[in-house]
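In full-length UniProt numbering, the protein residues as written are 1 to 591.
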């Protein structure tokens with residue numbers, strides 16, 4: 001089954017939930033006036049459906065291959081990437097000074113969702129390039145910017161992120177890769193990196209690696225990590241490619257999913273050291289890399305939305321086609337009915353639809369906050385927007401990727417036995433979705449980040465502002481007095497109440513009993529997501545009530561509130577009363 005981007009729902013979410021209209025009205029996105037956003041998304045949807053989506057199955061079946069140190073991507077991959085870059089899609093959010101279009105992250109987010117729905121493995125490489133551009137633009141020297149940015153922005157070259165090592169996954173304190181000063185302003189990099197997405201491939205002539213390593217006199221721990229730009233090919237003074245740098249792909253992983261995305265092991269410095277250039281300051285590399293990682297975490301959230309949308313579309317189409325049993329109200333002797341008439345199948349499809357649209361709402365809200373954090377003239381407003389984005393980023397990443405797995409699994413269930421058979425493609429979505437909850441910081445780490453680093457922002461006032469905004473939406477639903485909302489106001493109100501109480505408990509526990517706070521971090525994040533996502537869907541339904549297609553928004557908001565957000569009180573109990581059970585479980589795992 002092919003993919004068609006849900007442009008109308010994307011636009012409704014951009015406008016009414018994320019605040020695209022407000023962004024334009026406030027003069028912060030003048031480039032999107034006059035229907036530009038609609039035009040861009042329409043063109044992106046065509047490219048995603050016509051060029052990228054047909055490659056999804058091809059990529060899964062063929063995978064990327066390593067031979068003699070070179071990686072070959074699946075049939076059609078190079079041609080599609082070339083067409084994608086030449087159409088300017090890589091340059092959409094990039095700085096105009098280096099050939100980019102400088103468009104808002106909010107618009108880029110909708111496009112990222114499309115690329116990943118069309119072919120998850122294809123979109124991974126360009127996503128890392130976007131992050132490399134942002135890190136280099138924010139922290140690189142003028143020489144590095146002039147040498148590399150235009151090529152990265154155009155898509156002629158691609159970028160990677162080299163963090164993980166065999167002994168150093170999420171804990172970068174254990175990082176061992178080394179950097180030695182060469183005396184000419186460059187450095188010699190040696191070490192091993194693993195799980196490097198698109199670390200080697202045949203899509204571009206050069207690959208620009210961003211690599212974390214330690215200098216000999218660096219302090220211990222993460223305070224002693226520096227970031228280096230290490231190209232596959234050195235660049236001559238005239239911009240042409242020179243010698244191959246001292247680095248190689250030593251292997252590619254055989255994975256559960258994303259088969260077409262080459263996940264590489266990289267060896268730096270077999271012959272004396274790969275030549276690298278410092279990005280930012282010595283021993284300040286982690287701060288530079290976080291610029292790239294924060295971008296990547298929103299993009300991974302969008303991957304969760306994307307795979308959920310693709311799985312939902314396929315399950316919906318199958319439910320219309322597949323005939324089993326008869327409808328409850330069918331006359332005796334009637335032929336078999338499409339399975340979509342059965343209540344439990346409708347429940348599964350609504351579960352898929354509601355989770356996908358809620359995750360989309362949260363993710364787009366992150367993008368809008370990021371835009372305001374850069375574009376607002378007032379420093380106080382920039383700070384408030386940055387804190388809003390900081391709180392919502394781990395929620396978007398964890399919730400969206402969790403529901404990506406959940407929705408893809410439900411999609412297999414809708415297909416029944418055929419979902420377990422590879423030829424339908426439903427299984428591929430589940431296999432591909434599984435990685436997103438792991439990379440760019442596991443979802444458990446996202447929950448820890450939320451409760452330990454984000455809740456304390458501005459003395460807790462930043463999270464209070466978000467909860468107050470949710471309460472305002474619940475009040476609007478109550479005032480609307482629209483029968484189609486059912487019990488949505490009551491259920492969403494209860495979810496926000498539960499979130500507020502759990503937040504107060506969590507803030508107290510962080511000081512008095514941090515282990516208890518960490519034990520409740522994951523259910524707390526899910527509770528936050530239920531309230532944020534449910535009120536986002538309600539806001540969209542309120543805004544579209546008078547539009548012709550509003551029935552779907554109203555039904556989705558009601559389902560989310562009555563079926564999904566109803567779990568909030570139980571999650572509150574898990575947050576506030578579950579720590580003891582986890583502490584006692586330590587005896588179960590004692591050696």
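For glycine and all other residues, C-beta sits at the position ideal for the given N, C-alpha and C.
> Is the segment 277-293 in contact with the segment 130-147, if contact means three or more CB pairs nearer than 8 Å?
Replying inline: The segment 277-293 vs the segment 130-147: in contact.
>> Quick check on residue 305: buried or exposed, where buried means 16 or more other Cβ atoms within 10 Å of its Cβ?
In response: For the purposes of this step, residue 305 is taken as the residue at position 305 of the chain shown. That one is buried.
> In its own chain, which residues sit with a C-beta less than 8 Å from the C-beta of residue 428, not counting the 5 before and 5 after it?
Replying inline: As a working mapping, residue 428 is identified with position 428 in the chain shown. 56, 57, 60, 257 and 422.
> Quick one: any contact between the segment 522-537 and the segment 361-374, if contact means 3 or more CB pairs under 8 Å?
Replying inline: Judged by Cβ distances under 8 Å, the segment 522-537 makes contact with the segment 361-374, as three or more pairs qualify.
> Looking at the unbroken alpha helix (DSSP H) that takes in residue 109, where does it start and where does it end?
Replying inline: By 1-based counting over the chain shown, the position of residue 109 is 109. Taken as a continuous stretch (DSSP letters only), the alpha helix (DSSP H) holding residue 109 covers 105-118.
>> How far does the beta strand (DSSP E) with residue 313 in it extend, from its first residue to its last?
In response: Working through the chain shown from its first residue, we reach residue 313 at position 313. Looking at the DSSP string, residue 313 is not in any beta strand (DSSP E); the run it does join, the alpha helix (DSSP H), is 285-321.
> For the UniProt domain "Acyl-CoA oxidase/dehydrogenase middle" (161-269), which segments carrying the beta strand (DSSP E) assignment without a break, of at least 3 residues, lie completely within its bounds, in sequence order?
Replying inline: 178-181, 187-197, 207-214, 225-231, 233-235, 241-244, 247-252 and 263-268
> Smallest Cα separation from residue 46: which of 115, 377, 99 and 101?
Replying inline: Along the chain shown, one-based indexing puts residue 46 at 46. The option with the nearest alpha carbon to residue 46 is 115.
>> Buried or exposed for residue 328, going by 16 or more other Cβ atoms inside 10 Å?
In response: In the chain shown, residue 328 corresponds to position 328, counting from 1. Label assigned to residue 328: exposed.
>> Please state the DSSP three-state secondary structure of residue 158.
In response: Here residue 158 corresponds to residue number 158 of the chain shown, with the count starting at 1. Three-state DSSP puts residue 158 in a strand.
> Where does residue 332 sit, in a helix, a strand or coil, going by DSSP?
Replying inline: One-based indexing of the chain shown puts residue 332 at position 332. Three-state result, residue 332: coil.
> Are at least three pairs of beta-carbons, each pair with one atom in the segment 397-413 and one in the segment 295-313, less than 8 Å apart?
Replying inline: yes
> Which class does residue 63 belong to by DSSP, given the choice of helix, strand or coil?
Replying inline: Mapped onto the chain shown, residue 63 falls at position 63. Judged by DSSP in its simplified three-state form, residue 63 adopts coil rather than helix or strand.
> Which residue spans inside the segment 413-447 form an unbroken alpha helix (DSSP H) run of at least 4?
Replying inline: 426-433
> Within 10 angstroms of its Cβ, does residue 226 collect 16 or more other Cβ (buried), or is it exposed?
Replying inline: Translated into the one-based positions of the chain shown, residue 226 becomes position 226. Label assigned to residue 226: buried.
> At what residues does the beta strand (DSSP E) containing residue 277 begin and finish?
Replying inline: To locate residue 277, count along the chain shown from 1; it is residue 277. Segment 274-279, the beta strand (DSSP E) holding residue 277.
> Which word fits residue 347, buried or exposed, when buried means at least 16 other C-beta atoms lie within 10 angstroms of its C-beta?
Replying inline: Start at 1 with the first residue of the chain shown, and residue 347 comes out as number 347. Only exposed fits residue 347, as fewer than 16 other CB atoms lie within 10 angstroms of its CB.
> Excluding the five sequence neighbours on either side, which residues of its own chain have a C-beta within less than 7 Å of the C-beta of residue 529, listed in chain order?
Replying inline: Within the chain shown, residue 529 is the residue found at index 529, counting from 1. If we look at residue 529 and ignore the five residues flanking it on each side, its Cβ neighbours are 362, 395 and 399.
> Counting pairs of beta carbons, one from the segment 262-269 and one from the segment 178-194, are three or more of them closer than 8 Å?
Replying inline: yes
> Just to confirm, are residue 245 and residue 199 a CB contact at a threshold of 9 Å?
Replying inline: Working through the chain shown from its first residue, we reach residue 245 at position 245. Working through the chain shown from its first residue, we reach residue 199 at position 199. Against a cut-off of 9 Å, the Cβ pair of residue 199 and residue 245 comes out as no contact.
> Which residues bound the beta strand (DSSP E) around residue 71?
Replying inline: Mapped onto the chain shown, residue 71 falls at position 71. DSSP places residue 71 inside the beta strand (DSSP E), whose first and last residues are 70-72.
> Count the other CB atoms within 10 Å of the CB of residue 481; is the residue buried (16 or more) or exposed (fewer)?
Replying inline: Within the chain shown, residue 481 is the residue found at index 481, counting from 1. Result: exposed.
> To which residues of the same chain is residue 493 closer than 6 Å at the C-beta, ignoring the five residues directly before and after it?
Replying inline: Within the chain shown, numbered from 1, the residue matching residue 493 stands at position 493. Once the five neighbours on either side are set aside, the close Cβ partners of residue 493 are 474.
> Who pairs with residue 338 in a beta bridge, going by DSSP?
Replying inline: Looking up residue 338 in the chain shown gives position 338. DSSP, once it has assigned bridges, lists 323 as partnering residue 338.
>> Tell me which residue opens and which closes the alpha helix (DSSP H) that residue 82 is part of.
In response: To locate residue 82, count along the chain shown from 1; it is residue 82. Start and end: 77-86.
> Which residue's Cα is closest to the Cα of residue 160: 460, 487 and 193?
Replying inline: In the chain shown, residue 160 corresponds to position 160, counting from 1. It is 193.
> Roughly how many whole angstroms lie between the Cα atoms of residue 129 and residue 589?
Replying inline: The sequence position of residue 129 within the chain shown is 129, counting from 1. The sequence position of residue 589 within the chain shown is 589, counting from 1. Near 42 Å, if we compare the C-alpha coordinates of residue 589 and residue 129.
> Distance, Cα to Cα, residue 426 vs residue 2?
Replying inline: As a working note, residue 426 is residue 426 in the chain shown. As a working note, residue 2 is residue 2 in the chain shown. Rounded to whole angstroms, the separation of the alpha carbons of residue 2 and residue 426 is 12 Å.
> For residue 487, which three-state DSSP category applies?
Replying inline: Reading the chain shown from its first residue, position 487 is the one you call residue 487. Correct three-state label for residue 487: coil.
>> With H, G and I counted as helix, E and B as strand and the rest as coil, what does DSSP make of residue 532?
In response: Residue numbering aside, residue 532 sits at position 532 when the chain shown is read from its first letter. Helix at residue 532.
> What residue does the alpha helix (DSSP H) around residue 41 start on, and which one ends it?
Replying inline: Within the chain shown, residue 41 is the residue found at index 41, counting from 1. Element bounds for residue 41: 36-47.
> For the 8 Å Cβ check, are there 3 or more pairs between the segment 69-86 and the segment 7-17?
Replying inline: A contact is defined here as three or more CB-CB pairs under 8 Å, and the segment 69-86 fails this definition with respect to the segment 7-17.
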